[in-house]
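Asks: If you scroll down you'll find the structure; I have some questions about it.
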Amino acid sequence: MYLWAMMKREKLPIEAFDYYLPNECIAYTPAKDRAESKLLVWKEKIMAETNYAQIADFIPANSTLLFNNSKVIAARIFFEKNKINNSTSSIDSSNNESQIEVFCLEPSVNYSPVAMAMQATKKVEWICLVGGAKKWKEGLLEKKIMLQGKSFSVYAKKIAAIEGKFLIEFSWAEDFHFSEIIEHIGNIPLPPYIQRAANTEDKERYQTTYAKEEGSVAAPTAGLHFNEKIFESLAAKNIDCQFLSLHVGAGTFLPVKTAHIDDHPMHAEFFEVPKKVIELLLNKAAESAHQKNSGPVIAVGTTSLRAIESLYWLGVKLIQIKKSKEETMASVLELKLLQWDAYELQPFEISQQEALTALLSWMASNKMETLITSTQLMIVPGYTFKLCNGLVTNFHQPKSTLLLIIAAITGAQWKNIYQHAIDQHYRFLSYGDGSLFWIN
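Residues are numbered in our numbering as their position in the sequence shown, beginning at 1, plus a constant of 2.
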């Protein structure tokens with residue numbers, strides 16, 4: 003049995019995290035220039051209002067910025083409703099313009115992690131949302147494709163229904179990776195509140211300039227503002243930029259529908275962190291413990307924040323497992339963070355050094371150069387931040403889990419900050435402006 007935490011998880015009503023967001027404040031298209039988006043800087047109060055081009059002026063030398071380099075995949079695939087490979091199908095094809103949308107959310111357990119699914123050839127399984135599922139009663143959906151001079155078909159087959167979603171098998175005859183297939187037949191999945199089709203501009207701008215690891219179905223939007231000139235200004239100030247990957251799921255757009263935060267089921271997301279990044283965080287923790295000026299750790303985006311903070315709690319979990327079950331840490335074959343682990347795994351104060359050392363030791367025992375796991379970490383008011391000293395982020399939707407993170411940093415001040423942003427005509431949500439919050 004794990005001992006219970008000292009950190010409180012309050013039963014807060016979600017209505018306390020609602021606010022009025024005027025439609026004219028929502029950014030439905032990207033700014034003309036990434037770096038010209040406005041930036042609000044907060045440290046116990048609003049300290050400055052500037053733009054992203056000047057962000058280096060507000061970050062101390064020797065800081066470390068951690069970016070999420072996950073790449074958005076073209077996860078929305080549209081099949082014509084009458085293109086069904088089944089001669090006995092009873093599908094109504096009177097409206098040939100109607101479509102069935104298959105939205106890839108995450109690979110099945112047989113093809114996890116995401117990198118494996120993207121490299122699959124001939125067939126792959128994904129858990130998907132299906133628009134028009136009632137009209138697809140049987141048979142295979144078919145979509146013709148021309149790729150590298152070869153013409154062939156991609157088929158979609160329903161395997162099983164899973165709580166409002168479907169397990170879909172995609173198959174094709176030619177020897178191409180699924181990443182190549184989806185790039186040609188899929189569409190960039192813009193946030194659901196943007197009620198328009200993705201265009202050529204979105205293909206570039208709903209992607210960070212440093213996107214690398216395919217797997218997200220939503221952009222890590224805090225990073226959309228960074229361009230080459232900003233990275234040059236950071237380097238000139240000896241600000242270190244490091245990268246991890248957290249594959250953003252569609253759950254990031256889900257509002258909290260339960261009356262109390264405590265009852266909301268948080269979605270899980272896969273993430274990957276190189277050993278060198280964990281070692282860097284360990285060195286910074288050691289320097290801080292010896293009262294050396296190691297420079298703050300700043301997460302660029304809530305996805306990076308969740309991944310970084312999860313590292314500490316995974317280390318704590320390993321220590322707890324060893325103590326409670328008298329097992330060696332190396333014997334733990336599966337390590338992932340559940341929704342409330344951070345509030346239930348702290349019987350006494352475990353230092354950042356101890357937690358990260360335990361995690362690195364476990365990785366060494368399992369010959370891992372990169373930590374690949376999943377997190378359901380839900381950061382709510384009352385959470386104690388362990389590894390991050392700052393957060394760069396956009397302005398978030400009312401009653402969202404992302405807004406709860408801002409409230410965990412700023413307390414009740416979030417309301418005044420957001421109202422100020424509305425009054426000063428900041429642009430909100432994915433294509434909008436952003437902020438730099440310093441964590442006490």
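Even glycine gets a Cβ: it sits at the ideal position worked out from N, Cα and C.
Is Gln354 helix, strand or coil when you go by DSSP?
Replies: Three-state DSSP puts Gln354 in a helix.
Asks: Going by DSSP, what residue range makes up the alpha helix (DSSP H) through Ile241?
Replies: Ile241 -> no alpha helix (DSSP H), and no H or E assigned at all.
Asks: So, for Arg429: in the same chain, excluding its five sequence neighbours on each side, which residues have a beta-carbon less than 6 Å away from its beta-carbon?
Replies: Only Ala29, Asp435 meet the Cβ criterion.
Asks: Using a 10 Å radius around the Cβ and a threshold of 16 neighbouring Cβ atoms, would you call Met370 buried or exposed?
Replies: Under this definition Met370 is an exposed residue.
Asks: According to DSSP, what are the bridge partners of Ser72?
Replies: DSSP, once it has assigned bridges, lists Glu215 as partnering Ser72.
Asks: Exposed or buried, what is Ile161 when buried is set at 16 or more other beta-carbons lying within 10 Å of its beta-carbon?
Replies: Ile161 should be labelled exposed.
Asks: Specify the secondary structure class of Lys388 as computed by DSSP and reduced to three states.
Replies: Three-state DSSP puts Lys388 in coil, outside helix and strand.
Asks: Classify Arg198 as buried or exposed, calling it buried when 16 or more other Cβ atoms lie within 10 Å of its own Cβ.
Replies: Per the 10 Å Cβ criterion, exposed.
Asks: In terms of alpha-carbon separation, which member of Ser306, Ser376, Asn285 lies closest to Leu339?
Replies: Per the Cα distances, Ser376.
Asks: Could you check if Lys388 is buried or exposed, using at least 16 other CB atoms within 10 Å of its CB as the buried criterion?
Replies: With 16 or more other Cβ atoms within 10 Å, it is buried.
Asks: Whose C-beta lies closer than 6 Å to the C-beta of Ala55 among residues of the same chain, with five residues either side of it excluded?
Replies: The residues are Ala37.
Asks: Below 8 Å between beta carbons: does that hold for Ala77 and Pro191?
Replies: In contact: Ala77 and Pro191 (Cβ atoms closer than 8 Å).
Asks: Can you tell me which of Gly188, Lys139, Phe255 puts its alpha carbon nearest to the alpha carbon of Gln399?
Replies: For the residues Gly188, Lys139, Phe255, the minimum Cα distance to Gln399 belongs to Phe255.
Asks: By Cβ distance, which residues of its chain are closer than 8 Å to Ile441, with the 5 residues on each side in sequence left out?
Replies: Closer than 8 Å at the Cβ level, and outside the excluded window around Ile441, lie Phe387, Cys390, Asn391, Gly392, Leu393, Ile411.
Asks: To the nearest angstrom, report how far apart Leu236 and Ala224 are at their CA atoms.
Replies: Between Leu236 and Ala224, the C-alpha separation is close to 16 Å.
Asks: Per DSSP, Gly133 is paired with what?
Replies: Glu103, per the DSSP bridge assignment.
Asks: Could you compute how far the alpha carbon of Asp94 sits from the alpha carbon of Glu127?
Replies: Residue confidence for Asp94 is low, a pLDDT of 40 falling below 50, so the modelled location carries little weight; the figure read from the coordinates is stated next. Cα to Cα, the separation comes out at about 27 Å.
Asks: Quick one: residues in its chain with C-beta nearer than 7 Å to the C-beta of Glu99, no 5 flanking neighbours on either side, listed in chain order?
Replies: Reliability fails at Glu99, whose pLDDT of 49 lies under 50, so the model's placement of it is uncertain and no value is given.
Asks: Could you check which residue in Gly217, Val258, Phe233 has the C-alpha nearest to that of His249?
Replies: Nearest of Gly217, Val258, Phe233 to His249, Cα basis: Gly217.
Asks: I need the DSSP call for Met49, collapsed to helix, strand or coil.
Replies: The answer is strand: DSSP assigns Met49 an E or B state.
Asks: Give the DSSP bridge partners of Asn396, in chain order.
Replies: Beta-bridge pairing links Asn396 to Gly436.
Asks: Tell me whether Asn112 sits in a helix, a strand or coil according to DSSP, three-state version.
Replies: It is helical.
Asks: Since Ile300 and Thr66 should fall inside the 8 Å C-beta cutoff, what is the C-beta to C-beta distance between them, to a whole number of angstroms?
Replies: 7 Å between Cβ atoms; contact.
Asks: Taking all protein chains shown into account, do 16 or more other C-beta atoms lie within 10 angstroms of the C-beta of Gln421, making it buried, or fewer, making it exposed?
Replies: Classification of Gln421: exposed, given that the 10 Å Cβ count is below 16.
Asks: Please classify Asn71: is it buried, with 16 or more other beta-carbons within 10 angstroms of its beta-carbon, or exposed?
Replies: The residue is buried, with at least 16 neighbouring Cβ atoms inside 10 Å.
Asks: With 16 as the cutoff for other CB atoms within 10 Å, does Thr90 come out buried or exposed?
Replies: Bear in mind that a pLDDT of 40 at Thr90, under 50, signals an unreliable position, so the model cannot answer this.
Asks: Where does Ser376 sit, in a helix, a strand or coil, going by DSSP?
Replies: Three-state result, Ser376: strand.
Asks: Using the Cβ count rule (16 or more neighbours within 10 Å means buried), how would you classify Met380?
Replies: Classification of Met380: buried, given that the 10 Å Cβ count is 16 or more.
Asks: Quick one: Cα of Pro267 to Cα of Gln341, how far?
Replies: Rounded to whole angstroms, Pro267 to Gln341 spans 8 Å at the Cα level.
Asks: CA-CA distance, Tyr385 and Ala309?
Replies: Rounded to whole angstroms, Tyr385 to Ala309 spans 15 Å at the Cα level.
Asks: For Trp342, name the three-state secondary structure that DSSP assigns.
Replies: Trp342: coil per DSSP, three-state reduction.
Asks: With distances taken Cα to Cα, identify the nearest neighbour of Asn25 among His427, Leu438, Phe439.
Replies: If we check each option's Cα against that of Asn25, His427 comes out closest.
Asks: Label Arg396 either buried or exposed according to how many other C-beta atoms from any shown protein chain fall within 10 Å of its C-beta, with 16 as the threshold for buried.
Replies: The identity of residue 396 in the sequence shown is Asn, whereas the question assumes Arg. When all chains shown are included, Asn396 counts as buried.
Asks: Taking DSSP as the reference, what is the three-state secondary structure of Met268?
Replies: In this structure, Met268 counts as coil in the three-state DSSP scheme.
Asks: Determine whether the beta carbon atoms of Ser173 and Lys205 lie at a separation below 8 Å.
Replies: Contact: no.
Asks: Sort Ala119, Ser402, Ser290 by Cα distance to Ala261 and report the nearest one.
Replies: Of the listed residues, the one whose Cα sits closest to Ala261 is Ser402.
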